[in-house]
Structures are given as C-alpha cells and as structure tokens.
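Visitor:
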Amino acid sequence: MKKWEYTAKDGRSILVRTADRGDAPKLHEGFRRVVDEGNWLPTFTANSHISDWVHWIDKSNHNRDILLIAFLGGEYAGHLTLQPEEWNASRHVAKLGIIVIKESRHIGVGRSLMLSGEDMGVERDFTKIILSTFADNEVAKT
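Numbering (numbering that gives the first Met the number 0), first residue to last: 0 to 141.
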C-alpha cells in the first residue's frame, strides 16, 4: 500500500493512500454526498453499490487503474481515480476523477490527491491526465 502525507492549510494532517477493500463504504458514501450536492457530477443519483466499489478496488490491484483515498485528521475527505484509455494509441492517457467532500474543500485535500495521483500515474506510465468538467467549475480551472 502506497502512502503520502501532507499538511492542510489549517494544520491538520492529510493522509493519501491506495484504497483497500475496507474503504468501499467510505468511497461509496463520499460519492453519494457529492452527487447529492447536484453541482459537480453529471449524474443526479448515486446508483452504485458498495460491492461496485469493492470490485473497482480489487481491479485496481491487478491493472493500471488507480484509486486513492484521502483522510483529513483521520476522517474520510475525498478520493481520486485514474482510469486508462482503452485503445493502444492512448495507453499513455488516463481519465481523472476526483471527489472532495464539502467540509474538506479549499484546504489542500484536492491538491494532495492530485500530487499523489500524479506520482502513481508516472509509476503506471501515464504521461497525460485528462479531466472533463463543467464549464462553470472555476476550481477545476485553476
């Protein structure tokens, strides 16, 4: 299991690590909470199940998918995914997904996830990471 440690703007510790099976409920709940905000994701319902997250975690242990989880002061704060493009000409490209729960925004959690994701991406031979976002997502533009 890979781990990275950072310090939040408010002094609390941020731990980012590769997700394990026991994290599935936290990942599911974090996703549901951000979907329920109705602002950040192109879906209106969190229709995944905890078993879907367990499957994704298991899969990431055997392929190039990356699934990282962040904790702020020991509590779930967000997660990041990098998924490889499916065709050979784009093997160097990964699609980025990132979730930071409302209470953990604007203090460095997203940045910590991005730095850790970049580190893992280099290990998995990704040289390009792409993010699709809504046009009015100012935070993603910075």
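Beta carbons are placed, not taken as given, at the ideal position from N, Cα and C, and that holds for glycine.
(1) Are V15 and L130 closer than 8 Å when you measure CB to CB?
(2) I need the straight-line Cα distance from K94 to Y75, nearest angstrom please.
(3) Can you tell me the Cα-Cα spacing of H105 and I68, whole angstroms?
(4) Do the CB positions of L81 and I13 come within less than 8 Å of each other?
(5) Thinking S103 and G77 are a contact (beta carbons under 8 Å), I'd like their distance in whole angstroms, please.
(6) Could you give the residue range of the alpha helix (DSSP H) that holds E117?
(7) Put G21 into one of helix, strand or coil per three-state DSSP.
(8) With a threshold of 8 Å, are at least 3 pairs of Cβ atoms found where one atom belongs to the region 48 to 63 and the other to the region 4 to 11?
(9) Given a threshold of 16 other Cβ atoms within 10 Å of its Cβ, counted over all protein chains shown, does S115 qualify as buried or as exposed?
(10) What's the C-alpha gap between F43 and E117?
Guide: In short:
(1) no
(2) 23 Å
(3) 17 Å
(4) no
(5) Confirmed, Cβ separation roughly 6 Å.
(6) Bounds of the alpha helix (DSSP H) holding E117 are V108 to E122.
(7) In the structure shown, G21 falls within a helical segment according to DSSP collapsed to helix, strand and coil.
(8) Counting Cβ pairs under 8 Å, fewer than three are found: no touch.
(9) buried
(10) Confidence is the limiting factor: at F43 the pLDDT is only 49, short of 50, which leaves the residue's position unreliable, though a coordinate-based value still follows. Approximately 29 Å between the Cα atoms of the pair.
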